[in-house]
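Taken in sequence, the protein lines are chains C and L.
For the first sequence, our numbering assigns the number -11 to the initial residue and increments by one for each residue that follows.
For the second sequence, our numbering assigns the number -11 to the initial residue and increments by one for each residue that follows.
Built from N, CA and C at the ideal position, the CB exists for glycine as well.
Below is one structure, written out as structure tokens; comments come after it.
2 protein chains.
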Amino acid sequence: MSKGVTKQSEDFAKWYTDVVRQAKLADYGPVKGTMVIRPYGYAIWENFQSILNQMFKDTGHVNAYFPMFIPEHFLKKEAEHVEGFAPEVAVVTHAGGKELEEPLVVRPTSETIIWNMYKKWISSYRDLPLLINQWANVVRWEMRTRLFLRTTEFLWQEGHTAHSTEAEAQDETLKMLDVYKTFAEDYMAMPVITGQKTEAEKFAGAVSTYSIEAMMRDTKALQAGTSHYLGQNFAKAFEVTFQNSDNKEEFVYATSWGVSTRLVGGLIMSHGDDKGLILPPKVAPYQVVIIPIFRKDTKSLVMDKVEGLVGDLKQAGVRVHVDDDEKSSPGFKFNEWEMCGVPMRVEIGPKDIEKGHAVVVIRHSGVKHFIQLDELVQFLADQQEIVQNELFQRALDFREANTHTVDSWDDFKETLETKGGFIKAYWNGSGEVEEKIKNETKATIRCIPFDQPEAKGKCVYTGEESSQQVIFAKAY
Amino acid sequence: MSKGVTKQSEDFAKWYTDVVRQAKLADYGPVKGTMVIRPYGYAIWENFQSILNQMFKDTGHVNAYFPMFIPEHFLKKEAEHVEGFAPEVAVVTHAGGKELEEPLVVRPTSETIIWNMYKKWISSYRDLPLLINQWANVVRWEMRTRLFLRTTEFLWQEGHTAHSTEAEAQDETLKMLDVYKTFAEDYMAMPVITGQKTEAEKFAGAVSTYSIEAMMRDTKALQAGTSHYLGQNFAKAFEVTFQNSDNKEEFVYATSWGVSTRLVGGLIMSHGDDKGLILPPKVAPYQVVIIPIFRKDTKSLVMDKVEGLVGDLKQAGVRVHVDDDEKSSPGFKFNEWEMCGVPMRVEIGPKDIEKGHAVVVIRHSGVKHFIQLDELVQFLADQQEIVQNELFQRALDFREANTHTVDSWDDFKETLETKGGFIKAYWNGSGEVEEKIKNETKATIRCIPFDQPEAKGKCVYTGEESSQQVIFAKAY
Chain C
-11 MSKGVTKQSE DFAKWYTDVV RQAKLADYGP VKGTMVIRPY GYAIWENFQS
39 ILNQMFKDTG HVNAYFPMFI PEHFLKKEAE HVEGFAPEVA VVTHAGGKEL
89 EEPLVVRPTS ETIIWNMYKK WISSYRDLPL LINQWANVVR WEMRTRLFLR
139 TTEFLWQEGH TAHSTEAEAQ DETLKMLDVY KTFAEDYMAM PVITGQKTEA
189 EKFAGAVSTY SIEAMMRDTK ALQAGTSHYL GQNFAKAFEV TFQNSDNKEE
239 FVYATSWGVS TRLVGGLIMS HGDDKGLILP PKVAPYQVVI IPIFRKDTKS
289 LVMDKVEGLV GDLKQAGVRV HVDDDEKSSP GFKFNEWEMC GVPMRVEIGP
339 KDIEKGHAVV VIRHSGVKHF IQLDELVQFL ADQQEIVQNE LFQRALDFRE
389 ANTHTVDSWD DFKETLETKG GFIKAYWNGS GEVEEKIKNE TKATIRCIPF
439 DQPEAKGKCV YTGEESSQQV IFAKAY
Chain L
-11 MSKGVTKQSE DFAKWYTDVV RQAKLADYGP VKGTMVIRPY GYAIWENFQS
39 ILNQMFKDTG HVNAYFPMFI PEHFLKKEAE HVEGFAPEVA VVTHAGGKEL
89 EEPLVVRPTS ETIIWNMYKK WISSYRDLPL LINQWANVVR WEMRTRLFLR
139 TTEFLWQEGH TAHSTEAEAQ DETLKMLDVY KTFAEDYMAM PVITGQKTEA
189 EKFAGAVSTY SIEAMMRDTK ALQAGTSHYL GQNFAKAFEV TFQNSDNKEE
239 FVYATSWGVS TRLVGGLIMS HGDDKGLILP PKVAPYQVVI IPIFRKDTKS
289 LVMDKVEGLV GDLKQAGVRV HVDDDEKSSP GFKFNEWEMC GVPMRVEIGP
339 KDIEKGHAVV VIRHSGVKHF IQLDELVQFL ADQQEIVQNE LFQRALDFRE
389 ANTHTVDSWD DFKETLETKG GFIKAYWNGS GEVEEKIKNE TKATIRCIPF
439 DQPEAKGKCV YTGEESSQQV IFAKAY
């Protein structure tokens, strides 16, 4: 039963937890930092999966499954990789009642086990490219956890591709980043900035990492997906070579890319308001909820109309749910389904039927429409795209309003403190400066955006001339 | 490159491994007993998943996800459950660089962690039934492993439902068994016998277990899916009660049911022949493979036809693949795709086009059809159902031909030794007798079939009068 959620302006973190719990999206599991994804939350993830899966297939990828247990010594084969991941792995030391000869790491990511297999499968340029994706659970032992955003076990997809040339692998890396951008913007209605990560923030074992970065409604940044160009690092670590068309042995070029259940957290924090969740129609488990209003003597009149409407909506491809629970009042249901973020609600009672209309309320705007019954299905079908676009535009406007360009270090600190949001500033490319800024302000470089101004500028920290403008923000 | 597979009659186990490896269905992972499911094998599993998922949703179930790490003490809460599973679990003792206070078991099945959550979610009869399924990986540390059939980690779905009455839970148990039967027979073309498991063979923690049992082409049995009525065992272990409509506290009634990637092994062994895999159209990644035959000067003529055909077949809902690799000969491709089990092959070259026809070869029968080009799409679309039915009938005939009814112990032993297969015999219901038969012959009671003869008979081992006929067989 909903007690109402904390206001975003009061305590954003508490608002988030309230929404996740009250809308029954997820729950903590018994082991610290683990998450149970409840049916309503999982239905969102299933929608993400089915859309992304199609996008991956359309770009030539196939799915496979690799074991989750990795011999401990595999991790050590790539120096940066082990340094990055060793501190957060979970380790199986006993199985089948015995101590294992070699401990097994539960995959934090699957580069090592996959490249160990690719060694068997690749011998000639004819075997390339290899374009494989897997949907799986992974484990990273985190200290500070938060449902969806950071949990010790999470669900994700990880693409791992092998190529015969550097250029092809780099193209793949950026192509998949673009798939993520399209998914985030066109389906989640979540605008993102694409760019490259700094050396300090790149994936352990990558040559270069690219990401999509989104702004949440508290103006903090969320890294929502990453795509890595791995060069020949893993091919060398696992000795994966191929005979090129000139009959020469060469190391294979690699990419990997992934998005996770973290995206569900991003969806919640991109659109929600003080009433709770707001879901974009394309990924909402239910796009329309119908609340029939009746008493005993009008029940059959109303439910007849509702059943016809449900059939027509399904026919039109709209995901619809009817809440005909007789134990709760309509008012209670209105609040409940608003909290659950269903994009539009239809109220229909005997008086409405008499007048030949129904009431439609749009979740994110609160706008109320009286729609003729014979136009209702078409109206609701049309609203899907309209609501989807409005949510995207609203999120984009919010991001623009909270993005600030600064030139001086004083301005940087003041803006960050008083306004927050994304800060666009020039940076001299030094890791040391990046580290100092992080230590002094907690803001990190989210990415070096592909979209750069033409003019050069001065590094916000050192004043040196610099040709790269970057996005700073406090991040999840 | 295919070297041809071992003949089934020579060495069935080797035939199986050859097919799995050469058709690139799966490979062993680096850790003993683990499996890599390669794209072609995973595509079969994805087809299984999407069909079953729809069947689960049509019967009112929703998906969710529960953590894979279970606190070790959870397993001990249900006495039979821990006895059954403790010997085969993998245990995480270290994580995040530290030894854990309590070791974590990697789920061998999820009853314990799920019922721990159900305790939080269920308080009234209004919360029931709870009909949840999860798709997940599980780990059971097996000594003797075999790709798909028995691997230390495997993929499966596990349904876990909670009910307010015993009758409703028992109905659910049998309803899901029936879903499995329908899936096995109507989609995998694999006839199954449904029945109850004996006390010795039931799930650890269940009141009663039901299974579907299939006969493989070496006449051995494969348990292909199970459905368990758990009574109040887990509700009691995890103190899950609900207030019934009379305001009384009662323990909740439970079921669980699952099928796994083992089904892929069952599919292979139900239909394959000496040339390799045979896939039923409804679950085949490719239902039709087209092999264009051309030289340089006829390539565009042939490929134009082929492209038109592909478009029309896709339009007709047929999953089609074109093998236009110019490095291999048509003959090589015929063998290769027969080995991969594609239900039908289309050969089309310039001479065929001149004559206005194409050659269609049906994989399982080897029958060759010359089909007019303007009738080709319709023919191939119609063949899907025909081939599907023929494969089912063929498997059913094979099972019937290899099922023997015996009355005496001598006959039992001789039949098992000389003919193998399923043996129908009466059994007095004693676990001791079951154990003796198993020790003496390696045959186990696969199930007590729902379908029973009207007459009573004599126990095949003791000669006692008995009212239950059971199926004995050597099993995977």
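DSSP state of residue i mapped onto helix, strand, coil
{"i": "L:Ser317", "result": "coil"}
{"i": "L:Leu92", "result": "strand"}
{"i": "C:Asp311", "result": "coil"}
{"i": "L:Ser277", "result": "In the sequence as presented, Ser is not what sits at residue 277 of chain L; that position holds Val. In this structure, L:Val277 counts as strand in the three-state DSSP scheme."}
{"i": "L:Pro27", "result": "helix"}
{"i": "C:Gly299", "result": "helix"}
{"i": "C:Lys412", "result": "strand"}
{"i": "C:Arg434", "result": "strand"}
{"i": "C:His259", "result": "helix"}
{"i": "C:Glu201", "result": "strand"}
{"i": "C:Met43", "result": "helix"}
{"i": "C:Ile120", "result": "strand"}
{"i": "C:Met(-11)", "result": "Any reading at C:Met(-11) is ruled out, since the residue's pLDDT is 43, under 50, leaving its predicted position unreliable."}
{"i": "C:Asp6", "result": "helix"}
{"i": "L:Tyr241", "result": "strand"}
{"i": "C:Thr100", "result": "helix"}
{"i": "L:Ile266", "result": "coil"}
{"i": "C:Val458", "result": "strand"}
{"i": "L:Ile58", "result": "strand"}
{"i": "C:Trp129", "result": "coil"}
{"i": "C:Val348", "result": "strand"}
{"i": "C:Ser38", "result": "helix"}
Whole-number beta carbon distance between residue j and residue i, since they are thought to touch under 8 Å
{"i": "L:Leu265", "j": "L:Ile278", "result": "That pair is no contact at about 18 Å."}
{"i": "L:Val375", "j": "L:Pro269", "result": "5 Å"}
{"i": "L:Gly219", "j": "L:Tyr198", "result": "Their Cβ separation, rounded to whole angstroms, is 14 Å, which puts L:Gly219 and L:Tyr198 out of contact at 8 Å."}
{"i": "L:Val24", "j": "L:Val7", "result": "The Cβ separation is near 16 Å, so there is no contact."}
{"i": "C:Ile102", "j": "C:Phe54", "result": "6 Å"}
{"i": "C:Lys(-5)", "j": "C:Asp262", "result": "5 Å"}
Reference residue i, options the options, closest by Cα
{"i": "C:Ile32", "options": "C:Ala14, C:Phe410 and C:His49", "result": "C:Ala14"}
{"i": "L:Pro96", "options": "L:Arg114, L:Leu63 and L:Thr450", "result": "L:Leu63"}
{"i": "C:Ala150", "options": "C:Ser111, C:Lys407 and C:Thr170", "result": "C:Ser111"}
{"i": "L:Glu227", "options": "L:Ala192, L:Ser248 and L:Thr100", "result": "L:Thr100"}
{"i": "L:Arg387", "options": "L:Ser258, L:Gly344 and L:Ser455", "result": "L:Ser258"}
{"i": "L:Gln10", "options": "L:Glu324, L:Lys426 and L:His82", "result": "L:Glu324"}
{"i": "C:Trp245", "options": "C:Gly445, C:Ser455 and C:Leu40", "result": "C:Leu40"}
{"i": "L:Gly193", "options": "L:Gly72, L:Ile459, L:His357 and L:Ala431", "result": "L:Gly72"}
{"i": "L:Thr229", "options": "L:Ser152, L:Pro437, L:Ser455 and L:Tyr4", "result": "L:Ser152"}
{"i": "L:Val19", "options": "C:Phe57, C:Lys20 and C:Lys12", "result": "C:Phe57"}
{"i": "C:Thr286", "options": "C:Ala67, C:Pro338, C:Phe400 and C:Thr140", "result": "C:Pro338"}
{"i": "C:Leu116", "options": "C:Phe460, C:Ala463 and C:Glu156", "result": "C:Glu156"}
{"i": "C:Ile200", "options": "C:Ser248, C:Lys293, C:Phe239 and C:Thr393", "result": "C:Ser248"}
{"i": "L:Val394", "options": "L:Ile411, L:Ser38, L:Lys208 and L:Leu379", "result": "L:Ile411"}
Cβ neighbour criterion (16 or more within 10 Å) applied to residue i
{"i": "L:Pro27", "result": "buried"}
{"i": "C:Thr214", "result": "buried"}
{"i": "C:His61", "result": "exposed"}
{"i": "C:Met(-11)", "result": "Caution applies to C:Met(-11), whose pLDDT of 43 falls short of 50 and renders its modelled position unreliable; the value that the coordinates give is listed next. So C:Met(-11) ends up on the exposed side."}
{"i": "L:Val355", "result": "exposed"}
{"i": "C:Asn235", "result": "exposed"}
{"i": "C:Thr243", "result": "buried"}
{"i": "L:Thr403", "result": "buried"}
{"i": "C:Asn121", "result": "buried"}
{"i": "C:Ala340", "result": "Note on identity: in this sequence residue 340 of chain C is Asp, with Ala being the wrong assignment. C:Asp340 is buried by the Cβ-count criterion."}
{"i": "L:Pro75", "result": "exposed"}
{"i": "L:Thr406", "result": "exposed"}
Are there three or more Cβ pairs, one per stretch, closer than 8 Å when the segment 243 to 262 of chain L is compared with the segment 200 to 211 of chain L?
yes
Are at least three pairs of beta-carbons, each pair with one atom in the segment 187 to 195 of chain L and one in the segment 413 to 423 of chain L, less than 8 Å apart?
yes
When you compare the segment 309 to 322 of chain L with the segment 365 to 372 of chain L, are there three or more beta-carbon pairs, one atom per stretch, that lie closer than 8 Å?
no
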